[in-house]
Amino acid sequence: MTTPSVPHRQSGLRNQIALAIGLIAAAMLTGLAFAAWQSNGPALLYALAANGLAWCF
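Under my numbering, the residue at position 51 of the sequence shown is numbered 296, and the numbers go up by one with no gaps.
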């Protein structure tokens, strides 16, 4: 009987860790963008409406 190779398991774990870090980074960037929109949204919408670009939304 042979045991499964350990490097195969570690490479799968590395892929999962990299995916988890990427998802956390994407969530943080999305949260920061949402917070910026919440604080500056009305001014941004007014500026776009003043320039006639509000239809892009």
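No residue lacks a Cβ here, since even glycine has one placed at the ideal position from N, Cα and C. These numbers come from a predicted model, not from an experiment.
Quick check on residue i: does DSSP put it in helix, strand or coil?
i	result
Asn296	coil
In whole angstroms, what separates the C-alpha of residue i from that of residue j?
i	j	result
Leu290	Leu268	29 Å
Ala271	Gln261	15 Å
Considering only heavy atoms of the ligand PLP, does any lie closer than 7 Å to the CB of residue i?
i	result
Trp282	With respect to small molecules bound, the structure shown includes none, and the ligand PLP cannot be examined in it.
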